[in-house]
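Below is one structure, written out as structure tokens; the observations come after it.
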Amino acid sequence: MIGMRMIETKNYQEMSRKAAGLIGGQVLLKPDCVLGLATGSSPIGTYDLLAKGCEEGLLDFSQVRTVNLDEYCGLKAADPQSYRYFMDTHLFDRVNINKENTFLPSGTAPDMEAEAQRYEALVRSMGGADLQLLGIGHNGHIGFNEPADHFPAAVHQVQLTESTIRANSRLFDKIEDVPTTAITMGIGLIMLARKILLIAGADKRAIVEEAFYGKITPQVPASILQLHPDVTVILAKE
Ligand code: GLP
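Under numbering that gives the first Met the number 0, the first residue of the sequence shown carries the number 0, and numbering increases by one thereafter.
What follows is the structure, encoded as structure tokens:
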């Protein structure tokens, strides 16, 4: 492992506190930083604490820019299941960020290939993320980079696996409502981030161990992070 720190915390709350501390520290050190952000249940507690930090006047997001990992295809921004909606409600509407500085790939662009190229170029023009927050899927996916026979480098449209659709269906009324495709940053933009912060609940211990102590393989997409020079993993014990 080149530069991995594994922090085990007692529970989800402590994981969230540590993650918010590291992200808040990044914002304090570099007020005009680029934060790479993620969706899912894992970062909700972290976002709550960042919002609290801003409310209390400890954190200032006025110069921060954000780039998100991914978005479902076919869901409009106003759809409560879209990742844009998730980010607005869990973080952006609760801090003093300029919404025009918050970026996600569009899931409703008429030409997905063009949208993928646009988003790749946009994030590169910003120099990549100073800090990229990641969750991890039970199958080792990061963003929506699903297990495959190669590591997809660029932003791309992806067919979601059965297991991801099933896992994410808990947030939808019925499984048929879960989009079957998404647009995601590839491994290239994720690895471009200066620092990576991966957070995982106790239910992810097995896949975290496989990803960080097992062999590097596109069948476990997160395993590529073993090659990143600055990764912090926060794993909750319960
Ligand atoms: C989703 C997201 C990922 C996220 C993962 C885990 O499908 N695209 O970015 O990390 O699944 O989600 P959760 O934190 O809800 O377990």
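Each residue gets a CB set at the ideal place from its N, CA and C atoms; glycine is no exception. This one's a predicted model, so the numbers in the text were calculated from it and none came from an experiment.
Pull up the distance between the alpha-carbon of residue i and that of residue j, whole angstroms please.
i	j	result
LEU132	VAL207	15 Å
ARG93	CYS53	8 Å
PRO146	MET5	23 Å
ARG193	GLU13	24 Å
VAL26	LYS9	25 Å
ALA235	TYR11	6 Å
ASP59	LEU28	11 Å
ASP176	LEU49	31 Å
PHE91	GLY200	23 Å
What distance in whole Å lies between the Cβ atoms of residue j and residue i, which are believed to be in contact at a cut-off of 8 Å?
i	j	result
ILE135	LEU197	6 Å
GLY127	TYR71	Not a contact, Cβ separation roughly 23 Å.
PHE150	ILE223	6 Å
Report the three-state DSSP secondary structure of residue i (helix, strand or coil).
i	result
GLN246	Because the chain spans 0 through 237 in this model, residue 246 falls outside it and cannot be assessed.
MET3	strand
ILE164	helix
HIS155	strand
VAL177	coil
THR45	helix
Please classify residue i as buried or exposed, where buried requires at least 16 neighbouring CB atoms within 10 angstroms.
i	result
GLU315	With the chain covering 0 to 237 only, the question about residue 315 has no answer from this structure.
HIS155	buried
ILE182	buried
ASP110	exposed
GLY44	buried
ARG83	buried
ILE215	exposed
CB residue i to CB residue j, shorter than 9 Å?
i	j	result
LEU34	VAL66	yes
ILE186	ILE195	no
GLY139	PRO79	no
ILE233	LYS17	yes
Quick check: is the beta carbon of residue i nearer than 9 Å to any beta carbon in chain D?
i	result
LEU226	Considering every chain present, this structure includes no chain D. It has just one protein chain.
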